[in-house]
Each structure stands twice: as structure tokens, then as C-alpha cells.
Amino acid sequence: LDPLFGSTGAEDFVMDGNDRRNRRLHRLAMECYVEALTLSPLSAEAIYKLGLTHLDLGDPTESVRWLDLVPRILGPNQRTDQFRVHFVADSHYRLARIDLMRGRPGLAARHARRALEVNAGFRPASDMLERLSAIRSLAGGQGQGVCPVCAMPTSLEPSIQCPACETPHHSE
């Protein structure tokens, strides 16, 4: 195994972390994942599981920090098995859920689309896009327009610069 992406020792710590996380011992699970990262600094599974564990603990900011790394580490050439594909697709989906929670449907849609680019059959992401499409249809029917770039509801008066498409037209 490649020492940056996974070693036997790191895999053992990840498995121990998974066991602790399954038993809702989140702090102990995080210690295992961090230990795995000391052995294999680019262990996508350890990074992914750290992101999920922070989400379990109600810390979306820290979760984003970790989940955002997974697609960067596992670029298209490193997605060699179904597990790595799942880590990337699910990371994008979790980031989309966090964006929705933070009131950023345009960014959520972008992450959901990225999840589907990685795994076209990833049902949670396609379901999310369907729900977002329905919401946009309702918003468009109430006198608001929809941005052609990022599909967020737009305001008649520019109010903020959109982080998704960098146009100054979205209401908060």
C-alpha cells in the first residue's frame, strides 16, 4: 500500500475509529482517525471519517474543513475502487447538506451535481437536486427570478455577491 494513502497500521486505527464511532464514542473515534493520519497523512478514509464525526458532534465548520479535502486528495486518477468513489460522492453530498443548512441552496446544488459527476447513481444527491428544483420552481412562481448560472432565487434589487457565480443579484 502507498504510505500516503493507507498503510496497514493506519487501516487498523481507522477500523478502531469506525468501531468507536458506531458506538457513538465520537471523541475516541477522532483520536483513532488522527492517529491514522500520523501514519498516513493522506488517508482519505481517515479524513472522510473525521469529517463525518465532526458532523455527528454538531460541528459543521470543522466537518467542512475535513470533507472538502477528500475530493482534492482522491482526484479522478485515485478513485480506483467503489469505496473511494463513495468517499468522494458522499463528501460532496454532506457538503451540500451543510450548505443547505446554512441557507445556501445554490452551493448545495453545485455540490450535489459534483457528487453525481463522481457517481451518477448516488441517490441522495439526485433526490436533493429534485427537491432544490421544486423549491426553485416555487420561488420563481412568487415573483422572483432564478439565476441562470447557479439556479439560486434572485432578488429584484442587487443585495449581495453570489459566492457560486459571483454576480451581485441574490437576496439573502
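Numbered per this note's numbering, the sequence shown spans residues 237 to 408.
Built from N, CA and C at the ideal position, the CB exists for glycine as well.
Under the rule that 16 or more other beta-carbon atoms within 10 Å means buried, what is residue i, buried or exposed?
{"i": "residue 364", "result": "buried"}
{"i": "residue 369", "result": "exposed"}
{"i": "residue 339", "result": "exposed"}
{"i": "residue 346", "result": "buried"}
{"i": "residue 266", "result": "buried"}
{"i": "residue 312", "result": "exposed"}
{"i": "residue 356", "result": "exposed"}
Tell me whether residue i sits in a helix, a strand or coil according to DSSP, three-state version.
{"i": "residue 254", "result": "helix"}
{"i": "residue 358", "result": "coil"}
{"i": "residue 339", "result": "coil"}
Cβ atoms of residue j and residue i: under 8 angstroms apart, would you say?
{"i": "residue 256", "j": "residue 268", "result": "yes"}
{"i": "residue 216", "j": "residue 330", "result": "Residue 216 lies beyond the stretch modelled for the chain, which goes from 237 to 408, so this question has no answer here."}
{"i": "residue 246", "j": "residue 282", "result": "yes"}
{"i": "residue 362", "j": "residue 334", "result": "no"}
{"i": "residue 272", "j": "residue 250", "result": "yes"}
Entirely enclosed beta strand (DSSP E) segments - the segment 260-320, minimum 3 residues:
Listed in chain order, there is nothing to give.
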